[in-house]
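Engineer: Before I ask anything, let me first share the structure, which is written out below as C-alpha coordinates.
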Amino acid sequence: MNMLTKARISFLAAILAGQLYGQAGSGDAQFRRFPFETWATENAKPQIAWEVDVAAPYLFLNQRLMTRVNVAVDNRELVKHRDLSRMFVFVRMEDSAGHRYQAGNDTAAVQIQGNDSYRELHYAVSAFVVPGDYTISVAICDGETMAHSFLRQRLHVAELSHDPLADAWHGLPAVEFLPEDVRAVAMMPSRVRLPIRTQGPARLELLVNTTPSELNSVNRFRLNIERIEPALKVLMGIEPIGGSVGLTVADLSRHLLTFEWPDLKDFDWVQHDGGVLHSAVNRFSTGSVDAKALSVQSQMLRFFADEATHLAGTPDPAVAHVLIVLSGPAFFKAQEPPPFQSLPRDPARRVFYIRLGNDSQVPNALADNLEPLLKPMGARVFRVVTPEEFRRALGTILDEIAKIQIAR
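Take any residue in the sequence shown, note its place counting from 1, add 138, and you have its number in the working numbering.
Below you can see the structure in the form of C-alpha coordinates.
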(Lines of atoms letter the chains of each structure in order from A and count residues from 1; the text may use other names and numbers.)
(Lines give C-alpha, C1' and ligand atoms only; values in the text may rest on other atoms or scores of the structure.)
Protein backbone atom coordinates (compact mmCIF):
# COMPACT_ATOMS: atom_id res chain seq x y z
CA MET A 1 0.00 0.00 0.00
CA ASN A 2 1.32 3.42 -0.95
CA MET A 3 1.66 5.49 2.23
CA LEU A 4 1.71 9.24 1.92
CA THR A 5 4.06 11.44 3.85
CA LYS A 6 1.04 13.49 4.82
CA ALA A 7 -0.58 10.44 6.34
CA ARG A 8 0.26 11.26 9.94
CA ILE A 9 -1.73 14.33 10.90
CA SER A 10 -1.44 15.78 14.37
CA PHE A 11 -2.78 18.82 16.13
CA LEU A 12 -3.47 20.06 19.62
CA ALA A 13 -7.18 20.63 19.89
CA ALA A 14 -6.64 22.29 23.25
CA ILE A 15 -6.10 25.68 21.64
CA LEU A 16 -9.87 25.93 21.64
CA ALA A 17 -10.23 25.03 25.29
CA GLY A 18 -12.84 26.60 27.55
CA GLN A 19 -13.91 26.02 31.14
CA LEU A 20 -17.48 24.75 31.34
CA TYR A 21 -18.02 25.76 34.94
CA GLY A 22 -16.28 29.11 34.63
CA GLN A 23 -16.83 30.74 31.27
CA ALA A 24 -17.88 29.74 27.79
CA GLY A 25 -15.24 29.20 25.15
CA SER A 26 -14.96 27.82 21.63
CA GLY A 27 -14.49 24.38 23.12
CA ASP A 28 -17.88 24.72 24.84
CA ALA A 29 -19.51 25.86 21.59
CA GLN A 30 -18.32 22.66 19.95
CA PHE A 31 -19.81 20.60 22.77
CA ARG A 32 -23.16 22.39 22.40
CA ARG A 33 -23.22 21.83 18.66
CA PHE A 34 -22.95 18.05 18.99
CA PRO A 35 -24.93 15.70 21.30
CA PHE A 36 -21.98 14.95 23.56
CA GLU A 37 -24.21 14.60 26.64
CA THR A 38 -26.33 12.00 24.85
CA TRP A 39 -23.23 10.04 23.84
CA ALA A 40 -22.09 10.10 27.46
CA THR A 41 -25.26 8.32 28.63
CA GLU A 42 -26.17 5.96 25.79
CA ASN A 43 -23.54 3.26 26.46
CA ALA A 44 -23.45 2.44 22.73
CA LYS A 45 -20.91 0.33 20.87
CA PRO A 46 -18.14 2.31 19.11
CA GLN A 47 -19.12 3.30 15.59
CA ILE A 48 -15.62 4.42 14.68
CA ALA A 49 -12.69 2.12 15.35
CA TRP A 50 -10.19 4.10 17.39
CA GLU A 51 -7.63 3.96 20.17
CA VAL A 52 -7.41 6.28 23.14
CA ASP A 53 -4.42 6.54 25.43
CA VAL A 54 -4.11 8.82 28.45
CA ALA A 55 -0.46 9.41 29.30
CA ALA A 56 0.67 9.15 32.89
CA PRO A 57 1.23 12.67 34.29
CA TYR A 58 4.81 13.86 34.33
CA LEU A 59 6.57 16.97 35.61
CA PHE A 60 7.28 19.70 33.07
CA LEU A 61 10.13 22.20 33.41
CA ASN A 62 7.69 24.95 34.45
CA GLN A 63 6.94 22.77 37.50
CA ARG A 64 3.47 21.83 36.29
CA LEU A 65 2.22 18.26 35.93
CA MET A 66 1.23 17.45 32.37
CA THR A 67 -0.92 14.72 30.87
CA ARG A 68 -1.85 14.04 27.27
CA VAL A 69 -4.89 12.40 25.69
CA ASN A 70 -3.91 10.66 22.45
CA VAL A 71 -6.59 9.62 19.95
CA ALA A 72 -5.72 7.49 16.90
CA VAL A 73 -7.82 6.24 13.96
CA ASP A 74 -6.10 3.72 11.69
CA ASN A 75 -6.10 3.65 7.89
CA ARG A 76 -8.69 0.88 7.58
CA GLU A 77 -11.21 2.99 9.45
CA LEU A 78 -10.38 6.10 7.45
CA VAL A 79 -11.18 4.30 4.21
CA LYS A 80 -14.75 3.87 5.48
CA HIS A 81 -15.02 7.63 5.99
CA ARG A 82 -13.20 8.75 2.85
CA ASP A 83 -16.06 11.11 1.89
CA LEU A 84 -16.25 12.94 5.19
CA SER A 85 -15.19 16.57 5.28
CA ARG A 86 -14.61 16.94 9.01
CA MET A 87 -13.85 14.73 11.95
CA PHE A 88 -14.23 16.11 15.45
CA VAL A 89 -12.61 15.13 18.71
CA PHE A 90 -13.89 16.11 22.17
CA VAL A 91 -12.08 15.85 25.50
CA ARG A 92 -13.67 16.60 28.85
CA MET A 93 -11.91 16.38 32.20
CA GLU A 94 -13.90 16.53 35.43
CA ASP A 95 -12.24 16.95 38.81
CA SER A 96 -13.38 15.46 42.11
CA ALA A 97 -15.34 18.64 42.90
CA GLY A 98 -17.41 18.25 39.75
CA HIS A 99 -15.78 21.11 37.83
CA ARG A 100 -15.62 20.40 34.11
CA TYR A 101 -12.92 21.45 31.67
CA GLN A 102 -13.21 20.64 28.01
CA ALA A 103 -11.58 21.05 24.63
CA GLY A 104 -12.93 20.43 21.15
CA ASN A 105 -11.74 21.15 17.63
CA ASP A 106 -13.84 23.07 15.17
CA THR A 107 -11.16 24.43 12.85
CA ALA A 108 -8.79 21.58 12.06
CA ALA A 109 -10.93 19.90 9.40
CA VAL A 110 -9.32 16.80 7.93
CA GLN A 111 -9.86 16.39 4.21
CA ILE A 112 -9.67 12.73 3.24
CA GLN A 113 -8.96 12.19 -0.45
CA GLY A 114 -10.66 9.23 -2.07
CA ASN A 115 -7.53 8.03 -3.86
CA ASP A 116 -5.18 8.47 -0.94
CA SER A 117 -4.15 6.01 1.74
CA TYR A 118 -3.28 6.99 5.28
CA ARG A 119 -1.46 5.24 8.06
CA GLU A 120 -3.41 6.73 10.94
CA LEU A 121 -5.04 9.90 12.04
CA HIS A 122 -3.68 11.28 15.32
CA TYR A 123 -5.12 13.82 17.71
CA ALA A 124 -3.29 14.89 20.87
CA VAL A 125 -4.75 17.06 23.62
CA SER A 126 -2.39 18.13 26.41
CA ALA A 127 -3.26 19.67 29.76
CA PHE A 128 -1.64 20.79 32.98
CA VAL A 129 -3.21 19.17 36.04
CA VAL A 130 -2.76 19.26 39.80
CA PRO A 131 -2.74 16.18 42.07
CA GLY A 132 -6.20 14.66 42.42
CA ASP A 133 -8.71 12.33 40.78
CA TYR A 134 -10.30 13.01 37.43
CA THR A 135 -12.86 11.52 35.08
CA ILE A 136 -11.85 11.87 31.42
CA SER A 137 -14.50 11.61 28.70
CA VAL A 138 -13.37 11.42 25.08
CA ALA A 139 -15.46 11.29 21.89
CA ILE A 140 -14.81 11.28 18.15
CA CYS A 141 -17.44 12.04 15.51
CA ASP A 142 -17.78 11.92 11.72
CA GLY A 143 -19.22 15.37 10.99
CA GLU A 144 -21.23 14.11 7.99
CA THR A 145 -22.75 10.83 9.16
CA MET A 146 -22.64 11.55 12.94
CA ALA A 147 -21.04 8.15 13.44
CA HIS A 148 -19.21 8.40 16.73
CA SER A 149 -17.41 6.65 19.54
CA PHE A 150 -17.26 7.55 23.22
CA LEU A 151 -14.96 6.49 26.06
CA ARG A 152 -14.74 7.36 29.74
CA GLN A 153 -11.91 6.50 32.11
CA ARG A 154 -10.40 7.54 35.43
CA LEU A 155 -7.12 9.34 35.96
CA HIS A 156 -5.34 9.58 39.29
CA VAL A 157 -2.66 12.25 39.58
CA ALA A 158 -0.48 11.44 42.56
CA GLU A 159 1.43 13.89 44.71
CA LEU A 160 5.14 13.98 43.98
CA SER A 161 7.19 11.79 46.30
CA HIS A 162 9.17 13.77 48.90
CA ASP A 163 8.07 16.99 47.20
CA PRO A 164 10.15 20.01 48.34
CA LEU A 165 7.46 22.34 46.91
CA ALA A 166 4.32 20.58 48.08
CA ASP A 167 2.42 23.88 48.42
CA ALA A 168 3.21 25.03 44.88
CA TRP A 169 -0.08 23.60 43.55
CA HIS A 170 -2.12 26.11 45.58
CA GLY A 171 -3.97 28.61 43.43
CA LEU A 172 -3.52 26.70 40.20
CA PRO A 173 -6.52 25.53 38.16
CA ALA A 174 -7.18 21.81 38.44
CA VAL A 175 -7.01 21.48 34.64
CA GLU A 176 -5.53 23.85 32.09
CA PHE A 177 -5.44 22.81 28.45
CA LEU A 178 -2.33 23.76 26.51
CA PRO A 179 -2.33 25.88 23.36
CA GLU A 180 -1.21 24.36 20.09
CA ASP A 181 1.92 26.48 19.86
CA VAL A 182 4.27 25.37 22.65
CA ARG A 183 5.80 28.86 22.64
CA ALA A 184 2.45 30.23 23.81
CA VAL A 185 2.62 28.17 27.01
CA ALA A 186 4.63 31.00 28.58
CA MET A 187 1.71 33.38 27.92
CA MET A 188 -0.76 31.28 29.88
CA PRO A 189 -2.01 33.39 32.81
CA SER A 190 -1.61 30.78 35.54
CA ARG A 191 1.75 30.45 37.25
CA VAL A 192 3.41 28.72 40.15
CA ARG A 193 3.70 31.00 43.17
CA LEU A 194 6.48 30.46 45.69
CA PRO A 195 6.09 32.70 48.75
CA ILE A 196 9.00 32.82 51.22
CA ARG A 197 8.78 33.99 54.81
CA THR A 198 12.20 35.56 55.33
CA GLN A 199 13.81 36.64 58.62
CA GLY A 200 13.51 40.28 57.58
CA PRO A 201 13.65 42.57 54.52
CA ALA A 202 15.02 40.82 51.43
CA ARG A 203 16.06 41.89 47.96
CA LEU A 204 16.24 39.15 45.34
CA GLU A 205 17.75 39.67 41.89
CA LEU A 206 17.21 37.32 38.95
CA LEU A 207 19.94 37.48 36.30
CA VAL A 208 19.28 35.51 33.11
CA ASN A 209 21.88 34.82 30.44
CA THR A 210 20.29 34.13 27.05
CA THR A 211 23.55 33.64 25.13
CA PRO A 212 24.22 29.99 24.19
CA SER A 213 27.68 28.52 23.77
CA GLU A 214 27.21 28.54 19.98
CA LEU A 215 27.38 32.24 19.20
CA ASN A 216 25.51 33.90 16.31
CA SER A 217 23.24 30.91 15.68
CA VAL A 218 19.59 31.92 15.70
CA ASN A 219 18.44 28.29 15.94
CA ARG A 220 20.65 27.54 18.95
CA PHE A 221 19.54 30.80 20.53
CA ARG A 222 15.87 29.89 20.14
CA LEU A 223 16.45 26.40 21.54
CA ASN A 224 18.22 27.97 24.50
CA ILE A 225 15.31 30.35 25.08
CA GLU A 226 12.75 27.52 24.88
CA ARG A 227 14.64 25.78 27.67
CA ILE A 228 15.17 28.83 29.85
CA GLU A 229 11.73 30.42 29.49
CA PRO A 230 9.63 27.93 31.53
CA ALA A 231 12.27 27.87 34.28
CA LEU A 232 12.35 31.66 34.39
CA LYS A 233 8.58 31.83 34.80
CA VAL A 234 8.91 29.67 37.92
CA LEU A 235 11.66 31.86 39.36
CA MET A 236 9.52 34.94 38.71
CA GLY A 237 6.95 33.36 41.03
CA ILE A 238 9.26 33.64 44.05
CA GLU A 239 7.64 36.09 46.48
CA PRO A 240 9.66 37.03 49.57
CA ILE A 241 7.18 38.31 52.13
CA GLY A 242 8.29 41.82 53.02
CA GLY A 243 10.81 41.85 50.17
CA SER A 244 11.12 42.46 46.43
CA VAL A 245 12.36 40.69 43.31
CA GLY A 246 14.03 42.30 40.30
CA LEU A 247 14.70 40.77 36.88
CA THR A 248 17.53 41.40 34.42
CA VAL A 249 17.93 39.55 31.11
CA ALA A 250 21.37 39.81 29.48
CA ASP A 251 22.60 39.14 25.96
CA LEU A 252 26.30 38.63 26.64
CA SER A 253 27.33 38.39 23.00
CA ARG A 254 26.11 41.94 22.34
CA HIS A 255 26.69 43.39 25.82
CA LEU A 256 23.00 44.24 26.04
CA LEU A 257 20.43 44.10 28.84
CA THR A 258 17.40 43.09 26.78
CA PHE A 259 14.89 43.25 29.66
CA GLU A 260 14.90 44.90 33.08
CA TRP A 261 12.14 45.05 35.70
CA PRO A 262 13.02 46.50 39.11
CA ASP A 263 10.16 44.99 41.12
CA LEU A 264 8.05 42.08 39.91
CA LYS A 265 5.26 43.11 42.26
CA ASP A 266 4.46 45.71 39.63
CA PHE A 267 4.76 43.26 36.75
CA ASP A 268 1.56 42.93 34.70
CA TRP A 269 1.45 39.21 33.89
CA VAL A 270 -1.46 39.56 31.47
CA GLN A 271 0.24 42.28 29.46
CA HIS A 272 3.86 41.12 29.58
CA ASP A 273 3.90 37.39 30.22
CA GLY A 274 5.53 35.64 27.27
CA GLY A 275 7.18 38.92 26.30
CA VAL A 276 10.01 38.79 28.83
CA LEU A 277 12.25 36.72 26.59
CA HIS A 278 10.34 37.46 23.39
CA SER A 279 12.08 40.82 23.12
CA ALA A 280 15.43 39.05 23.54
CA VAL A 281 14.58 36.68 20.68
CA ASN A 282 13.55 39.56 18.44
CA ARG A 283 16.73 41.50 19.13
CA PHE A 284 18.90 38.48 18.46
CA SER A 285 17.02 37.46 15.31
CA THR A 286 17.01 40.91 13.73
CA GLY A 287 20.33 42.17 15.06
CA SER A 288 23.25 42.20 12.64
CA VAL A 289 26.56 40.81 13.79
CA ASP A 290 28.61 43.86 12.88
CA ALA A 291 32.24 44.60 13.62
CA LYS A 292 31.33 46.25 16.91
CA ALA A 293 29.38 43.20 18.10
CA LEU A 294 32.21 40.90 17.11
CA SER A 295 34.75 43.07 18.89
CA VAL A 296 33.02 42.68 22.27
CA GLN A 297 32.37 38.93 22.05
CA SER A 298 35.79 38.24 23.54
CA GLN A 299 34.73 40.25 26.60
CA MET A 300 31.45 38.52 27.39
CA LEU A 301 32.71 37.21 30.72
CA ARG A 302 33.75 40.70 31.80
CA PHE A 303 30.28 42.01 30.94
CA PHE A 304 28.64 39.19 32.88
CA ALA A 305 30.93 39.59 35.91
CA ASP A 306 30.29 43.33 36.09
CA GLU A 307 26.51 42.84 35.98
CA ALA A 308 26.54 40.01 38.52
CA THR A 309 28.69 42.05 40.90
CA HIS A 310 26.37 45.04 40.55
CA LEU A 311 23.25 42.96 41.23
CA ALA A 312 24.77 41.15 44.19
CA GLY A 313 24.30 44.41 46.08
CA THR A 314 26.29 46.47 48.54
CA PRO A 315 26.58 45.04 52.06
CA ASP A 316 23.70 45.86 54.34
CA PRO A 317 23.31 43.63 57.41
CA ALA A 318 19.69 44.72 57.76
CA VAL A 319 18.68 43.41 54.29
CA ALA A 320 19.17 39.98 52.78
CA HIS A 321 20.68 40.21 49.29
CA VAL A 322 20.07 37.23 47.01
CA LEU A 323 21.28 36.78 43.43
CA ILE A 324 19.96 33.88 41.35
CA VAL A 325 21.65 33.36 37.99
CA LEU A 326 19.85 31.28 35.36
CA SER A 327 21.71 30.19 32.23
CA GLY A 328 22.27 27.34 29.86
CA PRO A 329 25.77 25.81 29.96
CA ALA A 330 28.13 28.62 28.94
CA PHE A 331 31.27 27.37 27.21
CA PHE A 332 32.59 30.36 25.29
CA LYS A 333 35.72 30.34 23.14
CA ALA A 334 38.53 32.91 23.01
CA GLN A 335 37.51 34.88 26.08
CA GLU A 336 39.65 37.52 27.71
CA PRO A 337 40.00 36.68 31.41
CA PRO A 338 37.90 39.16 33.38
CA PRO A 339 39.38 40.95 36.36
CA PHE A 340 38.86 39.22 39.69
CA GLN A 341 35.56 40.33 41.18
CA SER A 342 35.90 40.74 44.93
CA LEU A 343 32.87 41.57 47.02
CA PRO A 344 32.91 42.94 50.56
CA ARG A 345 31.92 40.27 53.05
CA ASP A 346 28.20 40.20 53.70
CA PRO A 347 26.73 37.43 55.89
CA ALA A 348 23.28 38.30 54.56
CA ARG A 349 24.22 37.69 50.91
CA ARG A 350 23.49 34.50 49.00
CA VAL A 351 24.36 33.72 45.38
CA PHE A 352 22.94 30.77 43.43
CA TYR A 353 23.71 29.60 39.91
CA ILE A 354 21.14 27.37 38.17
CA ARG A 355 22.84 25.91 35.11
CA LEU A 356 20.07 24.49 32.98
CA GLY A 357 21.38 21.79 30.69
CA ASN A 358 19.74 19.08 28.63
CA ASP A 359 20.39 15.43 27.89
CA SER A 360 22.40 16.17 24.76
CA GLN A 361 24.77 18.64 26.36
CA VAL A 362 27.75 16.62 27.56
CA PRO A 363 29.59 16.71 29.83
CA ASN A 364 27.35 18.18 32.49
CA ALA A 365 30.00 17.56 35.15
CA LEU A 366 32.43 20.14 33.78
CA ALA A 367 32.41 23.68 35.16
CA ASP A 368 31.42 26.22 32.53
CA ASN A 369 32.76 29.76 32.09
CA LEU A 370 30.31 31.36 34.54
CA GLU A 371 31.00 29.16 37.55
CA PRO A 372 34.56 30.46 38.24
CA LEU A 373 33.18 34.00 38.19
CA LEU A 374 30.42 33.25 40.68
CA LYS A 375 32.25 30.92 43.05
CA PRO A 376 34.33 33.78 44.61
CA MET A 377 30.99 35.43 45.45
CA GLY A 378 30.12 32.35 47.48
CA ALA A 379 27.79 30.96 44.82
CA ARG A 380 26.15 27.59 45.21
CA VAL A 381 25.94 25.90 41.81
CA PHE A 382 23.07 23.66 40.69
CA ARG A 383 23.65 21.79 37.43
CA VAL A 384 20.17 20.65 36.55
CA VAL A 385 18.86 18.73 33.56
CA THR A 386 15.49 17.26 34.54
CA PRO A 387 12.40 19.04 35.90
CA GLU A 388 12.80 16.99 39.08
CA GLU A 389 16.36 18.24 39.58
CA PHE A 390 15.16 21.79 39.03
CA ARG A 391 12.42 21.30 41.63
CA ARG A 392 14.89 20.00 44.21
CA ALA A 393 17.20 22.94 43.51
CA LEU A 394 14.31 25.34 44.01
CA GLY A 395 13.43 23.74 47.31
CA THR A 396 17.00 24.09 48.55
CA ILE A 397 17.28 27.70 47.39
CA LEU A 398 14.02 28.73 49.05
CA ASP A 399 15.05 27.04 52.31
CA GLU A 400 18.39 28.84 52.34
CA ILE A 401 16.80 32.21 51.62
CA ALA A 402 14.33 31.70 54.47
CA LYS A 403 17.19 31.01 56.89
CA ILE A 404 19.26 34.13 56.16
CA GLN A 405 19.82 35.94 59.45
CA ILE A 406 19.19 39.67 59.37
CA ALA A 407 20.82 42.12 61.80
CA ARG A 408 18.28 43.70 64.09
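Virtual Cβ for every residue (Gly too), placed ideally from N, Cα, C.
Report the residue ranges of all beta strand (DSSP E) runs contained in full by the region 445-527; include only those spanning at least 3 residues, in chain order.
Structural biologist: 458-465, 487-494 and 518-522
Engineer: Where do the N-terminal and C-terminal ends of the alpha helix (DSSP H) with I379 fall, by residue?
Structural biologist: Segment I376 to I379 is the beta strand (DSSP E) holding I379; no alpha helix (DSSP H) there.
Engineer: Excluding sequence positions up to five away, which residues of its chain have a Cβ less than 7 angstroms from the Cβ of N507?
Structural biologist: L439, A468, F469, F470 and Q473
Engineer: Since Q435 and S391 should fall inside the 8 angstroms C-beta cutoff, what is the C-beta to C-beta distance between them, to a whole number of angstroms?
Structural biologist: Contact between Q435 and S391 is confirmed by a C-beta separation of about 6 angstroms, below the 8 angstroms threshold.
Engineer: According to DSSP, is L353 helix, strand or coil?
Structural biologist: coil
Engineer: Rounded to the nearest angstrom, what separates G516 and E538 at their Cα positions?
Structural biologist: Taking the straight line from one Cα to the other gives about 13 angstroms.
Engineer: From L370 to T283, what does the alpha carbon distance come to, in whole angstroms?
Structural biologist: Cα-Cα distance, rounded: 48 angstroms.
Engineer: P339 and V190 - do their beta-carbons sit closer together than 7 angstroms?
Structural biologist: The criterion of a C-beta distance shorter than 7 angstroms is not satisfied by V190 and P339.
Engineer: So who's on the other strand from I334, going by DSSP bridges?
Structural biologist: P378
Engineer: Would the beta-carbon of L402 fall within 7 angstroms of that of V387?
Structural biologist: no
Engineer: Please confirm whether L344 and L373 have their CB atoms less than 7 angstroms apart.
Structural biologist: Going by C-beta atoms, L344 is nearer than 7 angstroms to L373.
Engineer: Answer with buried or exposed for P485, where buried requires no fewer than 16 other C-beta atoms within 10 angstroms of its C-beta.
Structural biologist: exposed
Engineer: To which residues of the same chain is G270 closer than 7 angstroms at the C-beta, ignoring the five residues directly before and after it?
Structural biologist: D233, S234, V295 and A312
Engineer: List the DSSP bridge partners of R230.
Structural biologist: Q240 and S275
Engineer: Counting only the same chain and skipping the five closest in sequence on each side, list residues whose C-beta sits under 6 angstroms from that of P368.
Structural biologist: L199 and N200
Engineer: By the 10 Å Cβ neighbour count, where 16 or more other Cβ atoms means buried, how is V356 classified, buried or exposed?
Structural biologist: exposed
Engineer: If you drop the 5 nearest sequence neighbours on each side, which residues of the same chain put their C-beta closer than 8 angstroms to that of G380?
Structural biologist: T336, G338, P339 and A340
Engineer: Where R529 and F520 are concerned, what is the direct C-alpha to C-alpha distance, given to the nearest angstrom?
Structural biologist: 11 angstroms
Engineer: Per DSSP, what are the beta-bridge partners of E398 in this structure?
Structural biologist: T386
Engineer: Classify D212 as helix, strand or coil using the three-state DSSP reduction.
Structural biologist: strand
Engineer: Cβ of G261 within 7 angstroms of Cβ of L293?
Structural biologist: Sequence inspection shows Tyr at residue 261; the Gly mentioned does not correspond to that position. Going by C-beta atoms, Y261 is not nearer than 7 angstroms to L293.
Engineer: With burial defined as no fewer than 16 other Cβ atoms inside 10 Å of the residue's Cβ, what is the status of Q168: buried or exposed?
Structural biologist: The residue in question, Q168, is buried, as its Cβ has 16 or more Cβ neighbours within 10 Å.
Engineer: Rounded to whole angstroms, what is the Cα-Cα separation between Q437 and A265?
Structural biologist: 43 angstroms
Engineer: Can you name the start and end residues of the beta strand (DSSP E) that A545 belongs to?
Structural biologist: First-last for A545: undefined, no H or E at that position.
Engineer: Quick one: using the 10 Å Cβ neighbour count with 16 as the cut-off for buried, is N347 buried or exposed?
Structural biologist: buried
Engineer: Just to confirm before moving on: does the CB-CB distance between Q409 and H286 stay below 7 angstroms?
Structural biologist: no
Engineer: How should G242 be labelled, buried or exposed, when 16 other C-beta atoms within 10 angstroms of its C-beta is the threshold for buried?
Structural biologist: buried
Engineer: Between which two residues does the beta strand (DSSP E) containing A340 stretch?
Structural biologist: A340 -> beta strand (DSSP E) spans A340 to N347.
Engineer: For P453, which residues of its own chain have a beta-carbon under 6 angstroms away from its beta-carbon, when the five flanking residues on both sides are left out?
Structural biologist: P482 and D484
Engineer: State the Cα-Cα distance for the pair F174 and E364, rounded to the nearest angstrom.
Structural biologist: 37 angstroms
Engineer: Does DSSP put V313 in a helix, a strand or coil?
Structural biologist: strand
Engineer: Let me know if A306 comes out buried or exposed under the rule of 16 or more other beta-carbons within 10 Å of its beta-carbon.
Structural biologist: Result: buried.
Engineer: Going by the CB atoms, is the gap between V268 and L310 shorter than 7 angstroms?
Structural biologist: yes
Engineer: Leaving out five residues on either side along the sequence, give the residues of the same chain with a beta carbon under 8 angstroms from the beta carbon of P477.
Structural biologist: R440 and A443
Engineer: Note down the Cα distance separating R224 from H308, rounded to an integer number of angstroms.
Structural biologist: Each residue's Cα considered, the two are about 40 angstroms apart.
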